[in-house]
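Remarks on the structure that follows.
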Amino acid sequence: MNSKQIEYTLELAKTKNFNRAAENFFITQPALSYQIKRLETEVGFTIFERSAKGVVLTLAGQTFCERITLLQQELKAIIEDCRNLNRTYDDVVRICVPFRTAIHYLPEAIETFNKLYPNIFVEVTIDSQPNQYQQFLQGKYDLFYAIQSSITPQKDTQQIHLYDSHIYLVVNHHDVLSQLTAVTSKHLKDRTLLVGGGSPKELRQLQQQLITQLQLKSITSANHETTLTNIAAHRGICLVPGLLNDYNHEFKWIPFKPTVQIPCVLCRHQNNQKAHIITFIDILKDYYQNKNNPSEPKN
């Protein structure tokens, strides 16, 4: 199996037509058919059922294409990473962040770090999948950002506190609540509360408490982006951790009182004592200790 055969197979799975897939790769239809047949012979199962009307994926073929797509994406990422490292770098610091807004000062920290260690590459992975923490524990990443309550402490890792994120009520700018400088539970009466979206434990507890006490209507959102869409569509308002604020001022972020703190940490492997990793952590900590906490948005 080679990369071209994989590309041909995925293109045919998309077009469902040998002629069209062949044209997209500027090869002949017989050449494409030959490569697909060779691949099917190698893997030992039929990927496509042929007919006069075209082709359809077999059940095995559908599963194969779904999984091989993920592998192809991972392979491309590996190649790009290695190209970066092959240029002028002597080492790499790998950090995983679930969403871009979580570490507001990360770009500045990388820039400061690069002045001290120009030959060390900081590789940032932004991925919110739950298995990323497990991959950190297995050594894929040197550093891992996390909401402290969302992870289980491990004896071989250390958690470095970065900041405490607070809870904000997010509304449209035309909402009557947008004029307030702070909100409490009494301001939520008779409103529809958007919940879900992978909320941390501290927020879920607050949401449930408010829904029960105030008999609030609620709508479940699948993720943060869906929540923002629902707010924009006037379907409700939402309590959101400040760490998700992207500072584009599309919505009004209003501090919720009393304050609920969500500790956010950077995890590292205790046995990794490389000086440049310790320095990078210190740079991040310094940004949060000496600048206004970006989890406190100002609209």
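Sequential numbering from 67 applies to the sequence shown in my numbering. By construction, the Cβ of each residue, glycine as well, lies at the ideal position given by its N, Cα and C atoms.
Of the listed residues the options, nearest to residue i (C-alpha basis)
i, options, result
"K206", "I213, A212, N197", "N197"
"G264", "I277, H290, V109, F187", "H290"
"E177", "I144, I349, Q195, V237", "I349"
"H227", "Y353, P96, Q71", "Y353"
"G262", "L280, C304, A298, E106", "C304"
"Q355", "I297, P321, T94, A175", "A175"
"A97", "Q274, S117, I347, T75", "T75"
"K142", "Y313, F130, I72", "I72"
"L294", "L260, N83, Q139", "L260"
Test item: CB-CB of residue i and residue j under 8 angstroms
i, j, result
"Q200", "Q214", "no"
"T223", "Q336", "yes"
"F187", "Y155", "yes"
"V237", "L243", "yes"
"F114", "A126", "no"
"P173", "S194", "no"
Sequence-distant residues of the same chain with beta carbon closer than 6 angstroms to residue i, five excluded per side
i, result
"S231", "P307, G308, L309, I328, C330, S361"
"R160", "E189, Y207, D208"
"E108", "M67"
Exposure label - residue i; buried when at least 16 CB within 10 Å
i, result
"D157", "exposed"
"A168", "buried"
"A87", "buried"
"P266", "buried"
"H300", "exposed"
CB contact below 8 angstroms: residue i versus chain D
i, result
"N296", "Absence of chain D from the displayed structure is noted, only one protein chain being present."
Other residues of its chain near residue i: CB distance less than 8 angstroms, five sequence neighbours each side excluded
i, result
"Q149", "Note that residue 149 is Arg in the sequence shown, not Gln. The answer is none, since no qualifying residue turns up."
"H253", "L235, L243, L246"
"N338", "D208"
"Q220", "L203"
Start-to-end residues for the beta strand (DSSP E) that takes in residue i
i, result
"D157", "157-163"
"E316", "Here E316 belongs to no beta strand (DSSP E), and DSSP marks it neither H nor E."
"T258", "258-262"
"Y211", "209-213"
"Y234", "233-237"
Extent of the continuous alpha helix (DSSP H) to which residue i belongs
i, result
"H290", "290-298"
"V109", "95-109"
"K70", "69-81"
"N270", "Reading off the sequence shown, one finds Arg at residue 270, where the question assumed Asn. Its alpha helix (DSSP H) spans residues 267-280."
Own chain residues within Cβ distance below 7 angstroms of residue i, not counting five before or after
i, result
"N365", "Low per-residue confidence applies at N365: pLDDT is 43, beneath 50, and the placement is therefore not dependable, though the value from the model is reported in the following sentence. The answer, listed in chain order, is H315, K318, W319."
Near the ligand FAD: residue i beta-carbon under 7 angstroms from a heavy atom
i, result
"H239", "No copy of the ligand FAD appears in this structure; indeed no ligand is present at all."
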